[in-house]
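In our numbering, the protein residues as written are 20 to 310. The beta carbon of each residue, even a glycine, is placed where N, CA and C say it ideally should be. As the structure is a computational prediction, the values presented were derived from the model and not from experiment. Written out below as structure tokens is the structure these notes cover.
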């Protein structure tokens, strides 16, 4: 039957039973999202600061889709080169870069280390750009000619039809799904935000037409805030914890979801140290609830 073998005893694959599976997958996987310049980078800078205080040997692998982190680092840490030595920086320009870097990190990272992806929502945009760039090669790289041809003969070219989206999702999954579904260390990712209005309007219109559709629970939570993470719509489901960052003069964060406790938390002001405030509020060992 091709690559499948229905006889388990003859299977070449080795399946390992994990007796300590609770501990084996006990990693932080946190998605922080908000408007541009809302303080997302400052949030993970505070995480680096606090985690190095706990364990100076912790390493941080920063996958960065823009060059904004350098300015924020200087603003937060000044000329502290010792902290800089704890960070491995990887500029990401296309989704295939992510896959190569993650394979490298998987071989060397310890369980207590952190992968930081800034911005993870940009990887979804990169996947689309990468696919279109490859598709337009037949037209000498001219995207205008490609779109015009797709419009004339959509059956032949199928610009971003369902099958093409499968390819794009696979490119994006090198980060979002493959890494988060099988984490080997802690993961902190940042994403932009987008309004929930259009998605809510579409679902409500379908319900009014008598279609058997329910408002997704996660969308209902995002609606209370008024924004959801940008990027691939399935992405937030891969994270254990989702946090919204807001405020201008006084910064605050709001817990959108924490695995096992899907509920909106109250806005919490954090000043300059997001990670310390987050840990004290939601990660105390004796806490009874995350909300």
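DSSP-derived helix/strand/coil call for residue i
{"i": "residue 214", "result": "strand"}
{"i": "residue 263", "result": "strand"}
{"i": "residue 268", "result": "coil"}
{"i": "residue 303", "result": "coil"}
{"i": "residue 252", "result": "coil"}
{"i": "residue 277", "result": "strand"}
{"i": "residue 126", "result": "helix"}
{"i": "residue 288", "result": "strand"}
{"i": "residue 113", "result": "coil"}
{"i": "residue 177", "result": "Confidence at residue 177 is low in this model, with a pLDDT of 49, below 50, so its placement is unreliable and the value that follows should be read with caution. It is coil, neither helix nor strand."}
{"i": "residue 144", "result": "helix"}
{"i": "residue 98", "result": "coil"}
{"i": "residue 56", "result": "coil"}
{"i": "residue 24", "result": "For residue 24, the pLDDT reaches just 44, beneath the cut-off of 50, and the residue's location in the model is therefore unreliable, leaving the point undetermined."}
{"i": "residue 119", "result": "helix"}
{"i": "residue 132", "result": "coil"}
{"i": "residue 295", "result": "helix"}
{"i": "residue 201", "result": "coil"}
{"i": "residue 258", "result": "coil"}
Bridge partner(s) assigned by DSSP for residue i
{"i": "residue 137", "result": "83 and 209"}
{"i": "residue 107", "result": "80"}
{"i": "residue 48", "result": "206"}
{"i": "residue 247", "result": "213"}
Cβ-heavy atom distance, residue i to the ligand SAH, below 7 Å
{"i": "residue 297", "result": "This structure lacks the ligand SAH; in fact it carries no ligand of any kind."}
Residue-level contact to chain D via CB, residue i, 8 Å cutoff
{"i": "residue 109", "result": "Included in the structure is just one protein chain, with no chain D present."}
Residue j beta carbon less than 8 Å from that of residue i
{"i": "residue 275", "j": "residue 256", "result": "no"}
{"i": "residue 65", "j": "residue 292", "result": "yes"}
{"i": "residue 83", "j": "residue 63", "result": "no"}
{"i": "residue 212", "j": "residue 53", "result": "yes"}
{"i": "residue 121", "j": "residue 198", "result": "yes"}
{"i": "residue 105", "j": "residue 71", "result": "yes"}
{"i": "residue 242", "j": "residue 215", "result": "yes"}
Neighbour-count burial assignment, residue i, 16 or more Cβ in a 10 Å radius
{"i": "residue 119", "result": "exposed"}
{"i": "residue 110", "result": "exposed"}
{"i": "residue 112", "result": "exposed"}
{"i": "residue 59", "result": "buried"}
{"i": "residue 97", "result": "exposed"}
{"i": "residue 278", "result": "exposed"}
{"i": "residue 44", "result": "exposed"}
{"i": "residue 126", "result": "exposed"}
{"i": "residue 247", "result": "buried"}
{"i": "residue 139", "result": "buried"}
{"i": "residue 103", "result": "exposed"}
{"i": "residue 85", "result": "exposed"}
{"i": "residue 114", "result": "buried"}
{"i": "residue 67", "result": "buried"}
8 Å contact criterion, which residue i and residue j should meet: CB distance rounded
{"i": "residue 51", "j": "residue 80", "result": "Rounded, the Cβ-Cβ distance is 17 Å, inconsistent with contact."}
{"i": "residue 303", "j": "residue 289", "result": "Not really, about 16 Å apart at Cβ, beyond 8 Å."}
{"i": "residue 130", "j": "residue 204", "result": "6 Å"}
{"i": "residue 132", "j": "residue 77", "result": "6 Å"}
{"i": "residue 207", "j": "residue 135", "result": "5 Å"}
{"i": "residue 202", "j": "residue 46", "result": "5 Å"}
{"i": "residue 272", "j": "residue 297", "result": "7 Å"}
{"i": "residue 300", "j": "residue 69", "result": "No, residue 300 and residue 69 are not in contact; Cβ-Cβ is about 14 Å, not under 8 Å."}
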